[in-house]
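J.: For the sequence shown, the working numbering assigns the number 307 to the initial residue and increments by one for each residue that follows.
In this text, a Cβ means the ideal position worked out from N, Cα and C, and glycines have one as well.
As the structure is a prediction and not an experimental result, all values here were calculated from the model.
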Amino acid sequence: MSKTLVVGANRGIGLELARRYAARGDEVIATCRASSGELDSLAVEVVRGVEVTTDAGVAALRAALGDRVLDVAVVVSGILRGDDLEHLDLDRVREQLEVNAIGPLRVARALVAHLGKGSKLAFLTSRMGSIADNSSGGYYAYRMSKAALNMAGASLAIDLRGRGVAVALVHPGFVRTEMTGGNGNVDPLEAAAEIVERIDALTLASSGQFVHANGERLPW
Ligand SMILES: NC(=O)c1ccc[n+]([C@@H]2O[C@H](COP(=O)([O-])OP(=O)(O)OC[C@H]3O[C@@H](n4cnc5c(N)ncnc54)[C@H](OP(=O)(O)O)[C@@H]3O)[C@@H](O)[C@H]2O)c1
307 MSKTLVVGAN RGIGLELARR YAARGDEVIA TCRASSGELD SLAVEVVRGV
357 EVTTDAGVAA LRAALGDRVL DVAVVVSGIL RGDDLEHLDL DRVREQLEVN
407 AIGPLRVARA LVAHLGKGSK LAFLTSRMGS IADNSSGGYY AYRMSKAALN
457 MAGASLAIDL RGRGVAVALV HPGFVRTEMT GGNGNVDPLE AAAEIVERID
507 ALTLASSGQF VHANGERLPW
């Protein structure tokens, strides 16, 4: 049975990933800061108190993992806050960097001991972190944080290759969740199905790529 970790699983895309992996019979470890009725209703192991911006929050994850080696780890947690250039609130910029870039790297640092030959580590990033694709400007902090996450993932792919661990940076599409105020082209259920396909297809040969959940390669 595959051991699968989903970080940020109480709602949105993470919840649907946990549901999908559980439905196919994986042993799912689903983390959250605080659980939800929907997450509690799934046949998964729920780990509470996993705040990615603190060492204590990620230590709670490590404690729950014990000596388990994961087949798949997906880091989903993220925030999006709008910003206005003339009244840019740098505390909000820092907050997004903490949650979207430094947080996933903190999680990755903790997971190294729980990944081995054949393990897969995926991050939910955004095409808004693509410099080449930025034609509309704005969203300084979110774009910066996802570009930084992409760079972390690119280095992780290089550094973990020797251990046989493959890394993916997956843009989920424009998904109807709380983050988008319910706007989007796809439901979390459909996005989760595509993300699982991408992670299933991930190998060392494709490690380090920045991809859309629909399979399209995205430019950095
Ligand atoms: N929806 C889209 O169209 C879209 C597009 C591109 C990329 N993405 C990316 O996909 C991922 C999932 O997005 P979503 O749409 O499912 O968002 P969402 O519904 O807002 O869910 C965000 C998740 O992140 C968790 N989270 C936020 N801050 C956290 C922290 N400090 N520590 C631990 N967990 C934290 C939330 O937990 P709480 O409930 O505790 O806040 C929640 O589980 C994000 O990384 C997002 O940037 C989404």
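#1: Mind pulling the beta strand (DSSP E) runs of 3 or more residues that sit fully within the stretch 390-454?
#2: For the beta strand (DSSP E) holding residue 484, just list the boundary residues, first then last.
#3: On a Cα-Cα basis, can you pick out the residue from 453, 418 and 416 that is closest to residue 434?
#4: Within the same chain, show all residues whose beta-carbon is closer than 7 Å to that of residue 284, passing over the 5 residues directly before and after it, in chain order.
#5: Check the DSSP bridge columns for residue 337 and list the partner residues they point to.
#6: Starting from residue 332, follow the alpha helix (DSSP H) in both directions and report where the run begins and ends.
#7: For residue 531 versus residue 476, is the C-beta spacing smaller than 9 Å?
#8: Give a single yes or no on whether residue 485 has its beta carbon closer than 8 Å to a heavy atom of ligand 1.
#9: Taking 8 Å as the cut-off, does the CB of residue 383 come closer than this to any heavy atom belonging to ligand 1?
#10: Reducing DSSP to helix, strand and coil, say where residue 377 ends up.
#11: Pairing CB atoms from the stretch 387-394 with CB atoms from the stretch 421-439, are three or more of them under 8 Å?
#12: I think residue 377 touches residue 423, with their Cβ atoms under 8 Å apart; what is that distance to the nearest whole Å?
#13: Rounded to the nearest angstrom, what separates residue 351 and residue 314 at their Cα positions?
#14: Give the secondary structure of residue 364 by DSSP, where H, G and I count as helix, E and B as strand, and everything else as coil.
#15: May I ask you to report which of helix, strand or coil DSSP gives residue 523?
#16: Which whole-angstrom value is the C-beta distance of residue 410 and residue 358, which I expect to be below 8 Å?
T.: Well, looking at it:
#1: Those beta strand (DSSP E) runs which fall completely within the stretch 390-454 and span 3+ residues are 421-430.
#2: First-last for residue 484: undefined, no H or E at that position.
#3: 453
#4: This structure cannot speak to residue 284, because the chain is shown only from 307 to 526.
#5: 313 and 353
#6: In the DSSP assignment, residue 332 falls outside any alpha helix (DSSP H) and carries neither an H nor an E.
#7: Within the shown structure, residues of the chain are numbered from 307 to 526, placing residue 531 beyond reach of any answer.
#8: Because some heavy atom of ligand 1 lies under 8 Å away, the Cβ of residue 485 counts as near it: yes.
#9: yes
#10: strand
#11: Under the 8 Å Cβ criterion, the stretch 387-394 does not count as touching the stretch 421-439, having fewer than three qualifying pairs.
#12: That belief does not hold up - the Cβ atoms of residue 377 and residue 423 are roughly 11 Å apart, past 8 Å.
#13: Answer to the nearest angstrom: the Cα atoms are 13 Å apart.
#14: If DSSP states are grouped into helix, strand and coil, residue 364 belongs with the helices.
#15: strand
#16: 7 Å
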